[in-house]
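Protein chains in written order, with this note's numbering: chain A, 120 to 447; chain B, 361 to 676. Where a beta carbon is used, it is the ideal one built from N, C-alpha and C, also for glycine. Okay, so here's the structure we're looking at.
So, in structure tokens, the structure goes:
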């Protein structure tokens with residue numbers, strides 16, 4: 120009996136000694152394409168909020184420019200640190216694969232968020248919205264603003280950015296619904312507001328009949344709107360596109376932009392951390408199921424064949440709701 | 361500097377000017393929009409910042425140096441100007457602060473090159489990264505947007521149909537051309553680049569001359585940063601990245617020898633115009649965007665080849 124008692128004490132001591140490890144919070148890391156831009160700041164905010172709600176530790180770290188090699192290095196360091204889950208918005212979907220594979224072999228939950236990559240390795244891709252829905256919505260908003268007729272241009276950013284090119288593809292597909300609209304040109308302005316302004320000013324001169332323009336990323340959308348106002352063409356040319364409310368508010372208020380499209384990056388950051396915790400708890404996602412995630416405004420849906428968790432439909436911002444989203 | 365007409369036609373500036381004229385004729389014949397007032401003003405507005413920064417860069421390269429930190433300096437002075445603008449400081453204070461920011465970093469670059477005898481490419485490459493990182497800390501990842509309109513006249517205003525920023529650029533170019541050609545310090549800049557030993561022996565103050573060109577470049581880029589904010593009303597964390605290449609391309613295209621000793625500020629202005637006019641024409645002609653780089657690269661090479669061939673002919 121005494122022997123049994125000693126054994127019990129040893130067990131209790133053992134459990135006590137190791138309990139901090141058992142009870143330790145999950146460490147969930149998110150590595151954006153780059154830090155220091157409003158969009159990813161908003162995702163960070165959402166991640167932090169989720170970490171608080173779900174009682175996990177959230178690590179946000181990334182390169183200062185959209186650097187492929189730096190990002191890989193950062194993921195490698197996180198593996199060494201011993202985190203439980205890593206979510207990445209890869210700068211290069213293929214180059215990120217080996218290091219994510221390494222993470223997976225160490226038993227780390229591996230995810231992509233915002234942008235997909237390493238499709239064979241990752242456990243789940245947290246997607247802001249379906250690519251086709253984004254493209255269609257942008258085209259529909261432009262058509263509405265242009266009364267479904269006239270010439271328009273697209274000012275995109277990096278010519279190799281996979282997501283931007285995919286959206287453009289779906290925008291052009293949707294164009295078939297608007298036979299009186301004509302795309303005159305697609306130009307590229309890098310992720311640089313000034314360059315977008317310059318390109319748009321040139322386009323206004325090159326195409327005197329221009330009636331609309333799509334700014335394809337968060338820097339080109341405010342850039343093209345600014346150029347329209349500088350050229351005094353507000354009211355004659357309308358701009359739309361994908362960008363963040365804090366950059367677009369000025370142009371929505373002046374009427375140069377009637378509406379623009381995005382999703383809520385705060386919710387996306389929240390969902391990323393939520394999904395990591397869900398998987399770490401040993402749960403599996405079910406195909407077609409809509410999840411109730413308290414803390415975000417949409418009902419994310421899981422698509423099993425792509426192992427993809429979709430935040431929801433893209434969100435349209437206009438004069439009626441922009442003031443509520445000025446935090447990103 | 362007096363020169364006969366023959367000398368002028370053999371100069372690099374003439375090659376570049378010739379190319380500009382040829383392109384302008386082609387573009388005005390093929391697109392009716394090229395010669396429109398709004399297009400030409402655009403062209404000038406787009407070039408002002410590059411032209412102003414190229415004044416300093418020309419001098420740096422004439423001394424045989426290089427400054428690759430100008431993009432980061434431009435970003436930093438934009439941030440300083442943007443932050444002060446948002447805090448509603450008077451325009452004069454903001455102007456002073458933007459220029460002082462540039463001067464500070466330029467002076468630092470110059471000190472390391474002149475006193476530390478560290479190769480300019482190393483110094484400015486280091487500073488490129490340091491300043492960009494400081495800028496990140498300062499902005500904390502937030503962009504500055506919604507700059508009040510008080511300052512925007514510098515970026516968007518016009519006088520006699522020409523943008524105010526371009527007037528400022530032209531005045532600076534005239535002044536510094538005179539300075540380079542006729543002031544002792546200006547001549548010393550050429551002397552340092554031609555033969556640094558000869559310059560030393562003939563009593564040129566080397567450290568002062570070198571310190572001056574980097575500090576001046578910093579100041580001018582600081583001012584260009586202010587123009588940037590005045591024009592776009594937005595400051596990003598990556599404002600100015602790649603700007604150094606634009607400026608260096610303008611200077612080198614304009615005939616300044618990358619080995620030092622030779623070059624003019626007017627040449628750099630023409631270099632900036634050449635690149636600007638090509639980019640502008642590509643859009644007007646609706647050349648597919650992805651082949652733009654091909655055309656610009658080819659024209660840069662062609663202009664240099666013409667120049668080299670011409671120089672060979674000269675020697676015979």
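Residue 176 of chain A - partner residues in DSSP beta bridges: The count along the first chain starts at 1 and reaches residue 176 of chain A at position 57. Beta-bridge pairing links residue 176 of chain A to A:146.
C-beta neighbour in chain A for residue 411 of chain B, strict 8 angstroms: What you label residue 411 of chain B is simply residue 51 of the second chain in a count that begins at 1. Taking Cβ atoms only, chain A never reaches closer than 8 angstroms to residue 411 of chain B, which makes this a no.
With 8 angstroms as the threshold, decide whether the Cβ of residue 73 of chain A is near any Cβ in chain B. Outside the displayed range of chain A (120 to 447) lies residue 73 of chain A, so it cannot be described from this structure.
Let's see if you can read the secondary structure: which residues bound the alpha helix (DSSP H) around residue 641 of chain B? Mapped onto the second chain, residue 641 of chain B falls at position 281. Note, residue 641 of chain B: alpha helix (DSSP H), 625-644.
Return the chain-ordered list of same chain residues with a C-beta closer than 7 angstroms to the C-beta of residue 371 of chain A, the five sequence neighbours on each side being excluded. On the first chain, residue 371 of chain A is found 252 positions in, with the first residue counted as 1. 437, 438 and 441, listed in sequence order.
Residues of chain B with a CB under 7 angstroms from the CB of residue 345 of chain A: which are they? Translated into positions along the first chain, residue 345 of chain A becomes position 226. In chain order: 592 and 593.
Residue 532 of chain B and residue 415 of chain B look like a contact to me (Cβ under 8 angstroms); what is the Cβ gap, rounded to whole Å? The residue you call residue 532 of chain B lines up with position 172 of the second chain. The residue you call residue 415 of chain B lines up with position 55 of the second chain. Confirmed, Cβ separation roughly 6 angstroms.
Between the stretch 511-542 of chain B and chain A, which residues of the former have a C-beta closer than 7 angstroms to a C-beta of the latter? Against chain A - using a Cβ distance shorter than 7 angstroms - the residues of the stretch 511-542 of chain B are 516.
Using beta carbons (cut-off 8 angstroms, strictly below), is residue 496 of chain B in contact with chain A? Within the second chain, the letter at position 136 stands for residue 496 of chain B. Answer yes: the Cβ-Cβ gap between residue 496 of chain B and chain A drops below 8 angstroms somewhere.
Is the stretch 437-457 of chain B close to the stretch 537-552 of chain B, with three or more CB pairs under 8 angstroms? The stretch 437-457 of chain B vs the stretch 537-552 of chain B: no contact.
Terminal residues of the beta strand (DSSP E) in which residue 301 of chain A lies: Numbered from its first residue, the first chain carries residue 301 of chain A at position 182. Element bounds for residue 301 of chain A: 300-307.
Please compile the residues from chain B whose C-beta is within a distance smaller than 8 angstroms of the C-beta of residue 300 of chain A. Against the first chain, residue 300 of chain A aligns to sequence position 181. Chain-ordered listing is empty here: chain B has no CB closer than 8 angstroms to the CB of residue 300 of chain A, the nearest sitting near 17 angstroms.
Rounded distance between the beta-carbons of residue 254 of chain A and residue 288 of chain A, thought under 8 angstroms: Walking along the first chain from the start, residue 288 of chain A turns up at place 169. Walking along the first chain from the start, residue 254 of chain A turns up at place 135. Under the criterion of beta carbons closer than 8 angstroms, residue 288 of chain A and residue 254 of chain A qualify as touching, at roughly 7 angstroms.
Residue from A:402, A:330 and A:317 with nearest C-alpha to residue 405 of chain B: Within the second chain, numbered from 1, the residue matching residue 405 of chain B stands at position 45. Comparing Cα-Cα distances from residue 405 of chain B to each of A:402, A:330 and A:317, the minimum goes to A:317.
Through-space distance from residue 624 of chain B to residue 361 of chain B, alpha-carbon basis: For the purposes of this step, residue 361 of chain B is taken as residue 1 along the second chain, with counting starting at 1. For the purposes of this step, residue 624 of chain B is taken as residue 264 along the second chain, with counting starting at 1. With a pLDDT of 45 at residue 361 of chain B, under the threshold of 50, the predicted position of this residue should be treated as unreliable, and no value is reported.
What does a CB cutoff of less than 6 angstroms around residue 363 of chain B pick up in its chain, not counting 5 residues either side in sequence? For this step, residue 363 of chain B is matched to residue 3 along the second chain. Confidence at residue 363 of chain B is low in this model, with a pLDDT of 47, below 50, so its placement is unreliable and the value that follows should be read with caution. So the list is empty, once near-sequence residues are dropped.
Name the chain B residues that come within less than 8 angstroms of residue 403 of chain A, Cβ to Cβ? Here the question's residue 403 of chain A lines up with position 284 in the first chain. Listed along chain B is no residue with a C-beta nearer than 8 angstroms to that of residue 403 of chain A; the closest approach is about 36 angstroms.
Since residue 334 of chain A is in the beta strand (DSSP E), which residue starts that stretch and which ends it? For this step, residue 334 of chain A is matched to residue 215 along the first chain. Here the beta strand (DSSP E) through residue 334 of chain A covers 329-334.
For residue 144 of chain A, which residues in the same chain have their Cβ closer than 7 angstroms to its Cβ, ignoring the five residues on either side in sequence? Residue numbering aside, residue 144 of chain A sits at position 25 when the first chain is read from its first letter. Hits under 7 angstroms: 174, 175 and 176.
Residue 506 of chain B touches chain A at which residues, Cβ-Cβ below 7 angstroms? Against the second chain, residue 506 of chain B aligns to sequence position 146. The CB of residue 506 of chain B comes closer than 7 angstroms to the CB of 369 in chain A, given here in chain order.
Is DSSP giving residue 415 of chain A helix, strand or coil here? In the first chain, counting from the first residue as 1, residue 415 of chain A sits at position 296. Of the three classes helix, strand and coil, the one that applies to residue 415 of chain A here is coil, per DSSP.
Quick one: give me the first and last residue of the beta strand (DSSP E) that residue 269 of chain A is part of. The count along the first chain starts at 1 and reaches residue 269 of chain A at position 150. For residue 269 of chain A, the uninterrupted beta strand (DSSP E) segment begins and ends at 269-275.
Along the stretch 176-202 of chain A, where does the CB come closer than 8 angstroms to a CB of chain E? Name the residues. Structure shown: chain E not included; protein chains present are A and B.
Neighbourhood of residue 745 of chain B by C-beta, 7 angstroms cutoff - its chain only, sequence neighbours within 5 removed: Nothing about residue 745 of chain B can be reported from this structure: the residues present for chain B run from 361 to 676 only.
Whole angstroms are fine: how far does the CA of residue 482 of chain B sit from the CA of residue 458 of chain B? Position 98 of the second chain, counted from the start, is the residue given in the question as residue 458 of chain B. Position 122 of the second chain, counted from the start, is the residue given in the question as residue 482 of chain B. Approximately 25 angstroms between the Cα atoms of the pair.
How many Å lie between residue 320 of chain A and residue 350 of chain A at the Cα? Residue 320 of chain A sits at position 201 when you count from the first residue of the first chain. Residue 350 of chain A sits at position 231 when you count from the first residue of the first chain. So the alpha carbons of these two residues sit roughly 7 angstroms apart.
Residue 189 of chain A versus residue 182 of chain A: straight-line alpha-carbon distance, rounded: If you number the first chain from 1, residue 189 of chain A lands on position 70. If you number the first chain from 1, residue 182 of chain A lands on position 63. Roughly 6 angstroms between the two C-alpha positions.
Checking contacts by CB at 8 angstroms: is residue 341 of chain A closer than that to chain B? By 1-based counting over the first chain, the position of residue 341 of chain A is 222. It does: the Cβ of residue 341 of chain A has a partner Cβ on chain B nearer than 8 angstroms.
Which residue wins for smallest C-alpha separation from residue 221 of chain A, given the options A:194, A:211 and A:234? Taking the first residue of the first chain as 1, we reach residue 221 of chain A at position 102. For the residues A:194, A:211 and A:234, the minimum Cα distance to residue 221 of chain A belongs to A:194.
Partner residues on chain B for residue 211 of chain A, Cβ-Cβ distance less than 9 angstroms: To locate residue 211 of chain A, count along the first chain from 1; it is residue 92. Going along chain B, no residue has its Cβ under 9 angstroms from residue 211 of chain A, so there is no contact; the nearest lies around 18 angstroms.
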